[in-house]
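Trainee: With UniProt numbering as the guide, the letters of the sequence shown map in order to residues 1 to 129. C-beta atoms are modelled at their ideal positions from N, C-alpha and C, and glycine is treated no differently. Just so it is clear, the structure is predicted and the values come from calculations on it, not from any experiment. Would you mind keeping the following structure in view while I ask a few things?
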Amino acid sequence: MMSYDLDQTGYDDCGICHLWDPAAKTIYVVKEAAMLENRYFFCAEPHHSRYGWVLFSKSIYDPFFFFFYSPFTNEVIELPKLEKRYSEYKATFSLSPKSPDCMVIALSNPEAGKLEIQTCKPDDKSWKT
Numbered sequence: 001m002m003s004y005d006l007d008q009t010g011y012d013d014c015g016i017c018h019l020w021d022p023a024a025k026t027i028y029v030v031k032e033a034a035m036l037e038n039r040y041f042f043c044a045e046p047h048h049s050r051y052g053w054v055l056f057s058k059s060i061y062d063p064f065f066f067f068f069y070s071p072f073t074n075e076v077i078e079l080p081k082l083e084k085r086y087s088e089y090k091a092t093f094s095l096s097p098k099s100p101d102c103m104v105i106a107l108s109n110p111e112a113g114k115l116e117i118q119t120c121k122p123d124d125k126s127w128k129t
């Protein structure tokens with residue numbers, strides 16, 4: 001299970017990600033584990049968690065930057081930068097990013113009544129629309 005809480009330091013767009021493993025009765029606090037020491041996590045937004053990985057995004061000027069993070073191994077897998085044409089994206093993934101069949105899907109709403117879908121795999125050089 002995953003939750004995302006606002007940071008208490010006054011940065012409303014930054015947060016703390018908690019991952020719970022109910023079977024092991026364990027809580028992982030991503031910000032304490034790696035966010036403070038790693039440039040990836042400052043103001044990153046979690047999208048989806050499964051297979052021991054969390055898919056995050058953050059906006060870096062124009063491109064949108066997606067990456068996977070494993071709180072269990074402290075490993076990061078970067079995805080190609082996505083041209084920021086819209087202010088908001090929702091994203092998910094199909095399998096572990098270590099799988100050659102993993103597909104990342106990013107959704108955006110460019111205008112009312114329309115949906116844009118972009119996909120990539122962790123080894124791709126760019127996104128497909």
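Who are the Cβ neighbours of ALA44 in its own chain at under 6 Å, not counting the five residues just before and after it?
Mentor: PHE56 and LYS58
Trainee: State buried or exposed for SER99, treating a residue as buried only when at least 16 other CB atoms are found within 10 Å of its CB.
Mentor: The residue in question, SER99, is exposed, as its Cβ has fewer than 16 Cβ neighbours within 10 Å.
Trainee: Pairing CB atoms from the region 69 to 76 with CB atoms from the region 105 to 114, are three or more of them under 8 Å?
Mentor: Counting Cβ pairs under 8 Å, fewer than three are found: no touch.
Trainee: On the three-state DSSP scale, how would you describe LYS58?
Mentor: strand
Trainee: Taking CB distances under 7 Å as the criterion, tell me whether LYS90 reaches chain B.
Mentor: No chain B appears in the structure shown, which is made up of a single protein chain.
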